[in-house]
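**Student:** Keeping their order, the protein sequence lines are chains A and B. full-length UniProt numbering applies: residue 1 is where the first sequence begins, and numbers increase by one. full-length UniProt numbering applies: residue 1 is where the second sequence begins, and numbers increase by one. The structure that follows is given in the form of structure tokens.
There are 2 protein chains.
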Amino acid sequence: MTAPSNGDNERAQLLRLAMQAIARTGETPTRAALAKEARMPRARIDAIFATDDELFDAILEQWYAPDIAIMEEVIESDLPIRRKFYEFFARRFRRARERFRKDPAAFAVYCEIGTDKFENVRGYIDLADHYLSELIAQAQEEGYFAGLGINRALSLINQMVACYILPQMLMILDEDKLAEDKLATIIDTLFDGLSGEARGAAPVAGLRIA
Amino acid sequence: MTAPSNGDNERAQLLRLAMQAIARTGETPTRAALAKEARMPRARIDAIFATDDELFDAILEQWYAPDIAIMEEVIESDLPIRRKFYEFFARRFRRARERFRKDPAAFAVYCEIGTDKFENVRGYIDLADHYLSELIAQAQEEGYFAGLGINRALSLINQMVACYILPQMLMILDEDKLAEDKLATIIDTLFDGLSGEARGAAPVAGLRIA
Numbered sequence: 001m002t003a004p005s006n007g008d009n010e011r012a013q014l015l016r017l018a019m020q021a022i023a024r025t026g027e028t029p030t031r032a033a034l035a036k037e038a039r040m041p042r043a044r045i046d047a048i049f050a051t052d053d054e055l056f057d058a059i060l061e062q063w064y065a066p067d068i069a070i071m072e073e074v075i076e077s078d079l080p081i082r083r084k085f086y087e088f089f090a091r092r093f094r095r096a097r098e099r100f101r102k103d104p105a106a107f108a109v110y111c112e113i114g115t116d117k118f119e120n121v122r123g124y125i126d127l128a129d130h131y132l133s134e135l136i137a138q139a140q141e142e143g144y145f146a147g148l149g150i151n152r153a154l155s156l157i158n159q160m161v162a163c164y165i166l167p168q169m170l171m172i173l174d175e176d177k178l179a180e181d182k183l184a185t186i187i188d189t190l191f192d193g194l195s196g197e198a199r200g201a202a203p204v205a206g207l208r209i210a
Numbered sequence: 001m002t003a004p005s006n007g008d009n010e011r012a013q014l015l016r017l018a019m020q021a022i023a024r025t026g027e028t029p030t031r032a033a034l035a036k037e038a039r040m041p042r043a044r045i046d047a048i049f050a051t052d053d054e055l056f057d058a059i060l061e062q063w064y065a066p067d068i069a070i071m072e073e074v075i076e077s078d079l080p081i082r083r084k085f086y087e088f089f090a091r092r093f094r095r096a097r098e099r100f101r102k103d104p105a106a107f108a109v110y111c112e113i114g115t116d117k118f119e120n121v122r123g124y125i126d127l128a129d130h131y132l133s134e135l136i137a138q139a140q141e142e143g144y145f146a147g148l149g150i151n152r153a154l155s156l157i158n159q160m161v162a163c164y165i166l167p168q169m170l171m172i173l174d175e176d177k178l179a180e181d182k183l184a185t186i187i188d189t190l191f192d193g194l195s196g197e198a199r200g201a202a203p204v205a206g207l208r209i210a
């Protein structure tokens with residue numbers, strides 16, 4: 001490993017400043033605003049971030065990096081499959097909750113920016129879906145989620161754990177209603193209950209005559 | 001049955017006007033605004049709605065009346081318990097989706113007002129929880145959701161079907177991701193998988209020595 005170059009240090013510092021600016025102003029800074037913020041010549045900012053969009057994507061990358069690390073760590077772990085599923089969601093939930101508790105107003109701003117710039121965020125959501133699909137395939141090899149295609153299982157699981165995935169839920173629900181032990185019960189429920197077989201909840205069409 | 005009195009007619013018309021005003025302006029009208037809207041003397045409005053708050057609560061009652069009718073109808077039906085659970089959520093989801101599709105902007109306004117005036121809305125949420133608790137008790141008599149207190153089961157079920165309960169979800173998610181057949185699978189999953197028994201998802205504390 002080599003020590004980070006000065007350029008790396010400067011980039012990291014600028015991103016930290018940019019994230020503080022977001023929390024304070026409710027908006028993602030342009031490079032012009034960031035130059036002011038950092039009291040740096042604009043040319044030096046431009047040398048690091050070629051466009052405003054590149055700056056925004058760098059902020060996003062910074063925001064999601066720990067989540068990606070969590071997912072990769074869980075996938076590569078040798079935990080049993082149920083434990084993997086739990087950790088896959090619980091660790092990211094805990095991180096979101098920490099951020100939310102630390103600064104609810106800034107958290108709300110990030111959620112809003114994420115909604116507004118959904119096209120930039122989509123790649124990270126797709127990546128999370130990709131990793132979850134890997135876990136689903138692994139579970140299906142062990143006989144779980146029978147009779148469901150991976151995309152179908154993915155959509156159903158994402159919906160059933162939505163309260164622990166979507167950051168907005170920390171604001172919509174009473175935050176203390178969300179808890180790791182409930183998430184664990186939900187994961188166990190999925191493993192013992194989720195399959196493609198219709199078992200009586202859906203209405204049966206065309207069965208007027210018995 | 002008796003025909004509605006003129007007073008009832010006028011009240012219903014005023015409420016219709018008030019709801020149109022909400023959709024158009026993004027705000028709940030005061031009685032003064034409603035008088036203007038209806039081209040009616042203020043005194044006549046005041047005779048029907050004694051305070052602005054009373055007007056707002058009447059709008060809310062109007063908004064939720066069909067949901068309450070749905071829940072009561074499902075509870076009193078002689079459907080099997082899984083079918084009851086499904087219809088309890090599916091019928092209200094369908095109604096919300098219809099409203100959303102008809103006028104997404106007005107729907108967003110209603111969601112926002114619901115969040116802002118949460119204290120007024122809470123009674124309706126409590127009522128839905130009350131009805132769902134009745135269904136849970138019925139399911140538990142048939143052996144489902146074993147080992148869970150009713151409040152715990154209530155919280156877990158509300159979380160697992162959150163995508164079909166919370167109106168915001170129609171705006172947060174791609175709307176076409178929400179579908180009745182998925183809801184049916186989620187209900188079947190609950191009935192076959194939800195219990196109070198820990199089955200391996202949760203981390204086990206203090207088990208360092210095997």
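By construction, the Cβ of each residue, glycine as well, lies at the ideal position given by its N, Cα and C atoms.
Alpha carbon to alpha carbon, what distance is there between A96 of chain B and V109 of chain B?
**Tutor:** Start at 1 with the first residue of the second sequence, and residue 109 of chain B comes out as number 109. Start at 1 with the first residue of the second sequence, and residue 96 of chain B comes out as number 96. In a straight line, the C-alpha of V109 of chain B is about 13 Å away from that of A96 of chain B.
**Student:** Determine which residues of the segment 17 to 42 of chain B have a Cβ less than 8 Å from any Cβ of chain A, and write them out in chain order.
**Tutor:** Within the segment 17 to 42 of chain B, no residue has a Cβ that lies closer than 8 Å to any Cβ of chain A.
**Student:** Quick one: does M71 of chain A have its CB under 8 Å from some CB of chain B?
**Tutor:** Counting from 1 along the first sequence, the entry for residue 71 of chain A is found at position 71. Not an interface residue.
**Student:** Determine the direct distance from the alpha carbon of A205 of chain A to that of S77 of chain B, and round the result to whole angstroms.
**Tutor:** The residue given as residue 77 of chain B occupies position 77 in the second sequence. The residue given as residue 205 of chain A occupies position 205 in the first sequence. Taking the straight line joining both Cα atoms gives about 18 Å.
**Student:** Can you look up P41 of chain A in the DSSP assignment and give me helix, strand or coil?
**Tutor:** Within the first sequence, residue 41 of chain A is the residue found at index 41, counting from 1. Of the three classes helix, strand and coil, the one that applies to P41 of chain A here is coil, per DSSP.
**Student:** With respect to the alpha helix (DSSP H) encompassing F100 of chain A, which residues constitute its N-terminal and C-terminal limits?
**Tutor:** As a first step, residue 100 of chain A is located in the first sequence; it is residue number 100 there, counting from the start. 81 to 102 is the extent of the alpha helix (DSSP H) around F100 of chain A.
**Student:** Kindly indicate which three-state DSSP category R152 of chain A falls into: helix, strand or coil?
**Tutor:** For this step, residue 152 of chain A is matched to residue 152 along the first sequence. DSSP places R152 of chain A in helix when its eight states are reduced to three.
**Student:** On the DSSP letters alone, give me the boundaries of the alpha helix (DSSP H) that Q138 of chain B sits inside.
**Tutor:** Here residue 138 of chain B refers to the residue found at position 138 of the second sequence. From DSSP, the alpha helix (DSSP H) with Q138 of chain B extends over 118 to 141.
**Student:** Mind checking which residues open and close the alpha helix (DSSP H) that includes V74 of chain A?
**Tutor:** As a first step, residue 74 of chain A must be located in the first sequence, where it is residue number 74. Residues 52 to 76.
**Student:** What is the C-beta distance between K84 of chain A and Q159 of chain B, in whole angstroms, given that I count them as a contact (C-beta under 8 Å)?
**Tutor:** Within the first sequence, residue 84 of chain A is the residue found at index 84, counting from 1. Within the second sequence, residue 159 of chain B is the residue found at index 159, counting from 1. Actually they do not touch by this definition, with Cβ atoms about 21 Å apart.
**Student:** On the criterion of 16 or more Cβ atoms from any shown chain inside 10 Å, does P29 of chain B qualify as buried, or is it exposed?
**Tutor:** Residue mapping note: residue 29 of chain B aligns to position 29 of the second sequence, counting from 1. With 16 or more other Cβ atoms within 10 Å, it is buried.
**Student:** Nearest-angstrom Cα distance between Q138 of chain B and G149 of chain B?
**Tutor:** Looking up residue 138 of chain B in the second sequence gives position 138. Looking up residue 149 of chain B in the second sequence gives position 149. If I take the Cα positions, the gap works out to 13 Å.
**Student:** Can you name the residues of chain A whose CB is closer than 7 Å to the CB of F85 of chain B?
**Tutor:** Position 85 of the second sequence, counted from the first residue, corresponds to residue 85 of chain B. Within 7 Å Cβ-Cβ: A201.
**Student:** Contact criterion: CB-CB distance below 8 Å. Does G149 of chain A meet it with respect to chain B?
**Tutor:** Within the first sequence, numbered from 1, the residue matching residue 149 of chain A stands at position 149. Closer than 8 Å: no.
**Student:** If we count the other Cβ atoms within 10 Å of its Cβ and call it buried at 16 or more, is A47 of chain B buried or exposed?
**Tutor:** Taking the second sequence and counting its residues from 1, one reaches residue 47 of chain B at position 47. By the neighbour-count rule (16 or more Cβ atoms within 10 Å), A47 of chain B is not buried but exposed.
**Student:** According to a CB-to-CB cut-off of less than 7 Å, which residues of the UniProt domain "Tetracyclin repressor-like C-terminal" (83 to 181) of chain B neighbour chain A?
**Tutor:** Residues R83, F85, Y86, S155, L156, Q159, M160, A162, C163, L166, Q168, I172, K177, D181.
**Student:** Return the CA-CA distance between R152 of chain A and L55 of chain A, expressed in angstroms with no decimal places.
**Tutor:** Position 152 of the first sequence, counting from 1, holds the residue named residue 152 of chain A. Position 55 of the first sequence, counting from 1, holds the residue named residue 55 of chain A. Their Cα atoms are separated by approximately 36 Å.
**Student:** Output yes if chain B places a C-beta closer than 8 Å to the C-beta of P80 of chain A; else output no.
**Tutor:** Along the first sequence, read from residue 1 onward, the residue named residue 80 of chain A stands at position 80. Yes - at least one Cβ of chain B is within 8 Å of the one on P80 of chain A.
**Student:** By the 10 Å Cβ neighbour count, where 16 or more other Cβ atoms means buried, how is Q20 of chain A classified, buried or exposed?
**Tutor:** Numbered from 1 along the first sequence, position 20 holds the residue referred to as residue 20 of chain A. Exposed: under 16 other Cβ atoms inside 10 Å.
**Student:** Please report the distance separating the alpha-carbon of D53 of chain A from that of D174 of chain B.
**Tutor:** Locating residue 53 of chain A in the first sequence gives position 53, counting from the first residue. Locating residue 174 of chain B in the second sequence gives position 174, counting from the first residue. Cα to Cα, D53 of chain A sits roughly 25 Å from D174 of chain B.
**Student:** By the criterion of Cβ-Cβ separation under 9 Å, what are the contact partners of D188 of chain A in chain B?
**Tutor:** Start at 1 with the first residue of the first sequence, and residue 188 of chain A comes out as number 188. What D188 of chain A touches in chain B: G193, L194, S195, E197, A198, R199, G200, A201, A202.
**Student:** Over what stretch of residues does the alpha helix (DSSP H) that includes T30 of chain B continue unbroken?
**Tutor:** Counting from 1 along the second sequence, the entry for residue 30 of chain B is found at position 30. Premise fails: T30 of chain B is in no alpha helix (DSSP H) and is neither H nor E.
**Student:** Under 9 Å Cβ-Cβ, which residues of chain A neighbour A205 of chain B?
**Tutor:** As a working note, residue 205 of chain B is residue 205 in the second sequence. Residues of chain A passing the Cβ test: none, with the nearest at roughly 12 Å.
**Student:** Evaluate F145 of chain A with the Cβ neighbour count: other Cβ atoms within 10 Å of its Cβ, from every protein chain shown; 16 or more gives buried, anything less gives exposed.
**Tutor:** Within the first sequence, the letter at position 145 stands for residue 145 of chain A. The residue in question, F145 of chain A, is buried, as its Cβ has 16 or more Cβ neighbours within 10 Å.
**Student:** So the candidates are A:P203, A:G200, A:E197, A:A184; which of them puts its Cα closest to the Cα of I81 of chain A?
**Tutor:** Counting from one through the first sequence, the residue named residue 81 of chain A turns up at place 81. Nearest C-alpha to I81 of chain A: A:A184.
**Student:** So, with DSSP's three-state summary, where would you put G114 of chain B?
**Tutor:** Within the second sequence, numbered from 1, the residue matching residue 114 of chain B stands at position 114. Reduced to three states, the DSSP call for G114 of chain B is helix.
**Student:** Could one say the Cβ of T51 of chain B lies closer than 8 Å to chain A's Cβ atoms, at least one of them?
**Tutor:** If you number the second sequence from 1, residue 51 of chain B lands on position 51. No, T51 of chain B does not count as interfacial toward chain A.
**Student:** Rounded to a whole number of angstroms, what is the C-alpha to C-alpha distance between L170 of chain B and D8 of chain B?
**Tutor:** The residue you call residue 170 of chain B lines up with position 170 of the second sequence. The residue you call residue 8 of chain B lines up with position 8 of the second sequence. The alpha-carbon atoms of L170 of chain B and D8 of chain B are separated by roughly 33 Å.
**Student:** Does DSSP put I16 of chain B in a helix, a strand or coil?
**Tutor:** Start at 1 with the first residue of the second sequence, and residue 16 of chain B comes out as number 16. Here residue 16 of chain B is Arg; the residue named in the question, Ile, does not match the sequence. The answer is helix: DSSP assigns R16 of chain B an H, G or I state.
**Student:** With DSSP collapsed to three states, give me the class of Y144 of chain A.
**Tutor:** Along the first sequence, read from residue 1 onward, the residue named residue 144 of chain A stands at position 144. Coil at Y144 of chain A, not helix or strand.
**Student:** Pick helix, strand or coil for A198 of chain A, following the three-state DSSP scheme.
**Tutor:** Taking the first residue of the first sequence as 1, we reach residue 198 of chain A at position 198. A198 of chain A falls in the coil class under three-state DSSP.
**Student:** Which class does V109 of chain B belong to by DSSP, given the choice of helix, strand or coil?
**Tutor:** For this step, residue 109 of chain B is matched to residue 109 along the second sequence. It is helical.
**Student:** Considering only residues of the same chain and omitting the five flanking positions on each side of P104 of chain A, which have a CB-CB separation below 8 Å?
**Tutor:** Within the first sequence, residue 104 of chain A is the residue found at index 104, counting from 1. Counting only Cβ-Cβ distances below 8 Å, and skipping sequence neighbours, we find M171.
**Student:** So what does DSSP say about V204 of chain B, is it helix, strand or coil?
**Tutor:** Numbered from 1 along the second sequence, position 204 holds the residue referred to as residue 204 of chain B. DSSP places V204 of chain B in coil when its eight states are reduced to three.
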